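>
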Amino acid sequence: MISVVNTVDTSHEDMIHDAQMDYYGRRLATCSSDRSVKIFDVADGSQTLVADLRGHEGPVWQVVWSHPKFGSLLASCSYDRKVIIWKETDGTWEKLYEYANHESSVNSVAWAPHEWGLFLACGSSDSSVSIISTTGELASFGWWVEY
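Numbering-wise (our numbering), the sequence shown opens with residue 323 and increments by one.
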């Protein structure tokens, strides 16, 4: 039998385009036409807004969590042609990296299996897919892009 376990009032000001649970099912990330990404703690049936991330200049289409092996990383993509990688450090979320070289809306993002490393595929309306990855130690987070 399937039943609704919980509902979350996100307080987004426009349509929600995506909602993704983290690896452990403790956090929920949502994104919306209101240009925001919101992160909620949903452990134990509660719902607490943890972060309201602003950085996109258009509707945000999709969010995706990285594997926890890499820490708390979340990628988002938007109509504004940007991909933003967000990182949580000591309970505070910040923009870690922004990629804005697509010529049209970025509609989809997906992390590769963690065994391959930290690779993010980004699909755009400009008919291209970019692959973003980090070089060296994760602490330094130098990023490179391939098409």
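Quick reminder that beta carbons are idealized off the backbone N, C-alpha and C, glycines included.
All of these numbers come straight from a predicted model, not from anything done at the bench.
(1) So, L440 versus S355, is the Cβ gap smaller than 8 Å?
(2) What whole-angstrom Cβ distance do P381 and H339 have, given they're in contact under 8 Å?
(3) For V327 versus Q384, is the C-beta spacing smaller than 8 Å?
(4) Which value, in whole angstroms, describes the spacing of the CA atoms of R357 and R348?
(5) Could you give the C-beta distance for R403 and V428, rounded to a whole number, given that I count them as a contact under 8 Å?
(6) Can you tell me whether W408 is buried or exposed, with buried defined as 16 or more other CB within 10 angstroms of its CB?
(7) Pull the bridge partners of L513 from the DSSP assignment, please.
(8) Let's test the definition: count the other Cβ atoms within 10 Å of the Cβ of A422 and tell me whether it reaches 16, buried, or not, exposed.
Let me lay it out:
(1) no
(2) 7 Å
(3) no
(4) 23 Å
(5) 6 Å
(6) buried
(7) This structure cannot settle anything about residue 513, because the visible part of the chain is limited to 323 through 469.
(8) exposed
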